[in-house]
Amino acid sequence: MQQDPNSRPASGYPYPNPPQQSNTNGYPPNANPYHNHNTSYAPHHNPRAILIRRLFIASMVFLLVLGIIFFLFFILVRPQLPYAYINSLSLSNFNVSKNHLTGNWDLQLRFQNPNTKMSLYYNTVFCTLYYNRVSLSETRLQPFDQGTKDETPINAALSVSGTYVETRLADSIGKERAAKGSVEFDLRMVSSVTFRYGVYRRRRYVTVYCYDVAVGVPANSSSGKVVGSAKRCKSF
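Under my numbering, think of the first position of the sequence shown as 2, with each following residue one higher.
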């Protein structure tokens, strides 16, 4: 029996799978020649690195919260530097002769705490008297406390007895007395001040400058007083 060359396969019999064609690299199509089935090379997370990263994030969050707390605290409390005034000043036994200076300065100072919520504690106050930026005399004032909105008067005495001064300084004092009938001095006070609010404590150095304090002392007199009323100094 001869087989019909145009006959089709019987139904129910699938076509045989066509042979796979290789590409130029020798791999079958849709195959990934670089696929690695070895799971030992899968990436692993380092627990130490994760811990360090979490600690860093926690530290940043803590610092941010702390900064916000301090910002709100200073906004609400508003710590202010103390005010200082020269209420009165008298000069006695003042004399400049042959480059030697003598004099006694008696001052009444007034410190004011402008804070409504913070009390202040002043450690030893160092007080220095200047003329043309040259130190003439210095003294120390006793420590003291101040409540909120308190004012505290403090007496201070500075003296010079036959201290040598340069010729230019002695000449400047003589010319100023002759021209204006007064001499301008500068006063500086430095203290370590503690700001207190509940359990909060903050200590900082406060410097007070009293510039151009004019003392009326004519050329033919050895005594005088401050010119004008109470003088407010500048705090830094």
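Where is the CB? At the ideal position from N, CA and C, for every residue including glycine.
- Within the same chain, Cβ atoms closer than 6 Å to the Cβ of Y86 are found at R111, A231 and R233, the five residues on either side in sequence being excluded.
- Runs of the alpha helix (DSSP H) spanning 4 or more residues and lying entirely within the region 102 to 133 do not occur at all.
- For the pair D213 and L102, the Cα-to-Cα distance works out to about 19 Å.
- Burial is judged here by how many other beta carbons sit within 10 angstroms of a residue's own beta carbon; A157 has at least 16 and is buried.
- Counting of Cβ neighbours within 10 angstroms places Y206 among the exposed residues, the total staying below 16.
- In this structure, R169 keeps its C-beta atom at 8 Å or more from the C-beta atom of V218.
- For T168, there is no enclosing beta strand (DSSP E); the residue is part of the alpha helix (DSSP H) that begins and ends at T168 to K181.
- P80 is not bridged by DSSP to any residue.
- With contacts defined by Cβ atoms closer than 8 Å, P144 and T129 do not form a contacting pair.
- Restricting attention to E139, M190, S222 and S60, the CA atom closest to the CA of L92 is found in S222.
- Boundaries of the beta strand (DSSP E) harbouring N156: E152 to Y165, taken from the DSSP string.
- Annotated as proximal: N114 and P83, with beta-carbon spacing under 8 Å.
- One alpha carbon belongs to Y210, the other to V161, and they sit about 20 Å apart.
- Comparing alpha-carbon positions, the option among Q109, Y165, K99 and R54 lying closest to L90 turns out to be Q109.
- Assigned with DSSP and collapsed to three states, F145 falls in strand.
- Within its own chain, the residues whose Cβ lies closer than 6 Å to the Cβ of T164, once the five positions on either side in sequence are excluded, are L102, listed in chain order.
- Under DSSP, N96 forms a beta bridge with T103.
- At the C-beta level, V184 and V135 stay beyond 8 Å of one another.
- Between Y122 and the set S224, G148 and K181, the nearest pair of CA atoms involves G148.
- By the Cβ neighbour-count rule, S192 is buried, with 16 or more other Cβ atoms within 10 Å of its own.
- In this structure, DSSP gives A85 an extended state, which the three-state scheme calls strand.
- Taking a contact as a CB-CB distance under 8 Å, the pair K150 and T117 counts as one, their CB atoms being some 6 Å apart.
- Within its own chain, the residues whose Cβ lies closer than 8 Å to the Cβ of T208, once the five positions on either side in sequence are excluded, are R189, M190, V191, S236 and F237, listed in chain order.
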